[in-house]
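Numbering (the UniProt record's numbering), first residue to last: 1 to 279. Take a look at the structure set out below.
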Ligand code: 2HA
Ligand code: ZN
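Printed below as a string of structure tokens:
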């Protein structure tokens with residue numbers, strides 16, 4: 001573990017970084033982020049961090065295989081590749097880092113953290129491309145979060161992999177689901193993780209959905225804050241947990257929320273459910 005100097009200490013006390021350190025510990029305790037599972041990236045407010053970055057930065061430059069036009073000159077707090085969420089709270093300088101996207105959008109410069117030759121998450125393509133997709137939809141967008149939420153993964157084995165059917169099932173498992181994610185969930189086919197290809201497909205779904213399921217792997221969530229992205233995933237995961245519980249119960253499902261009740265609910269809470277997903 002590296003000694004923490006004064007500038008690092010101030011930076012580590014920036015609220016966004018503190019929140020991420022606490023949240024990743026909570027996520028590990030939920031059993032979603034075994035070993036090095038899961039990764040998060042967070043678009044930072046420049047004014048909170050620039051004064052504390054050393055003049056010696058950038059430490060290293062990474063060439064991106066793709067251009068990220070919308071993120072140029074932006075700073076992102078990112079979890080490190082191969083590191084464990086469990087350890088972030090104990091060793092943030094090795095398990096987290098800040099990257100700055102270059103002026104031309106072709107490079108990522110490591111400007112803080114990733115001590116000991118660490119580097120950003122293996123899912124950096126999915127993160128950067130998804131940030132661009134969400135920013136195009138919502139200027140307040142800031143967080144992309146990937147985690148191995150247990151019951152959502154389980155559900156991808158026992159439920160048909162259709163966005164319409166899966167969204168509708170999740171909505172029906174907890175009354176508040178349709179209010180929290182009225183657009184439903186996007187689903188990719190099974191793909192190799194850590195590639196630009198899965199990044200392109202994830203980002204393409206992120207145009208329409210804030211939640212994207214990776215079958216037999218996990219989920220991507222997005223939001224304006226860590227709280228929001230986490231809350232979205234937490235709500236979908238809770239619905240998936242109830243689905244797995246009722247599905248494995250010998251009594252089976254004896255009654256459920258009807259499509260009409262979903263429509264009434266959405267109206268009462270003033271949200272527009274995805275019209276393609278309601279019968
Ligand atoms: O960070 O979760 O998808 C490890 C992973 C890869
Ligand atoms: Zn993963």
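All C-beta atoms in this analysis are idealised placements derived from N, C-alpha and C, irrespective of residue type, glycine included.
Simplified DSSP assignment, three categories, for residue i
i: residue 101; result: strand
i: residue 120; result: strand
i: residue 278; result: coil
i: residue 290; result: The requested residue 290 does not occur in the structure, where the chain is confined to residues 1 to 279.
i: residue 144; result: strand
i: residue 110; result: strand
i: residue 10; result: helix
i: residue 188; result: coil
i: residue 96; result: strand
i: residue 160; result: coil
i: residue 179; result: helix
i: residue 172; result: helix
i: residue 196; result: helix
i: residue 87; result: helix
i: residue 15; result: helix
i: residue 81; result: coil
i: residue 166; result: helix
i: residue 129; result: helix
i: residue 3; result: coil
i: residue 267; result: helix
i: residue 137; result: helix
Supposed contact pair residue j and residue i - C-beta distance, whole angstroms, cut 8 Å
i: residue 143; j: residue 223; result: 5 Å
i: residue 95; j: residue 79; result: 7 Å
i: residue 148; j: residue 82; result: Not a contact, Cβ separation roughly 15 Å.
i: residue 63; j: residue 107; result: 6 Å
i: residue 205; j: residue 188; result: 7 Å
i: residue 170; j: residue 239; result: 4 Å
i: residue 216; j: residue 190; result: 6 Å
i: residue 172; j: residue 277; result: With a Cβ gap of about 11 Å, residue 172 and residue 277 do not count as contacting.
i: residue 16; j: residue 42; result: 6 Å
i: residue 220; j: residue 202; result: 6 Å
i: residue 213; j: residue 152; result: 6 Å
i: residue 35; j: residue 75; result: Between residue 75 and residue 35 the Cβ distance is about 28 Å, and since that is not below 8 Å, they are no contact.
i: residue 272; j: residue 139; result: With 8 Å as the limit, residue 272 and residue 139 do not qualify as a contact, their Cβ atoms being about 20 Å apart.
Proximity test, residue i beta-carbon vs the ligand 2HA heavy atom, cut-off 7 Å
i: residue 193; result: yes
i: residue 141; result: no
i: residue 31; result: no
i: residue 125; result: no
i: residue 87; result: no
i: residue 38; result: yes
i: residue 122; result: yes
beta-carbon residue i near the ligand ZN non-hydrogen atom, thresh 7 Å
i: residue 146; result: yes
i: residue 82; result: no
i: residue 249; result: no
i: residue 216; result: no
beta-carbon residue i near the ligand GTP non-hydrogen atom, thresh 7 Å
i: residue 136; result: Among the ligands modelled here, namely the ligand 2HA and the ligand ZN, the ligand GTP does not occur.
TODO: Tell me the start and end of each unbroken beta strand (DSSP E) in the segment 199-265 that is at least 3 residues and wholly inside, in chain order.
DONE: Taking 3 residues as the minimum length, the beta strand (DSSP E) runs contained wholly in the segment 199-265 are 211-214, 218-223, in order along the chain.
Task: Minimum length 3: unbroken beta strand (DSSP E) runs contained in the segment 18-79 - done: Restricting attention to beta strand (DSSP E) runs no shorter than 3 residues, the segment 18-79 encloses them at 39-43, 60-63, 75-79, ordered along the chain.
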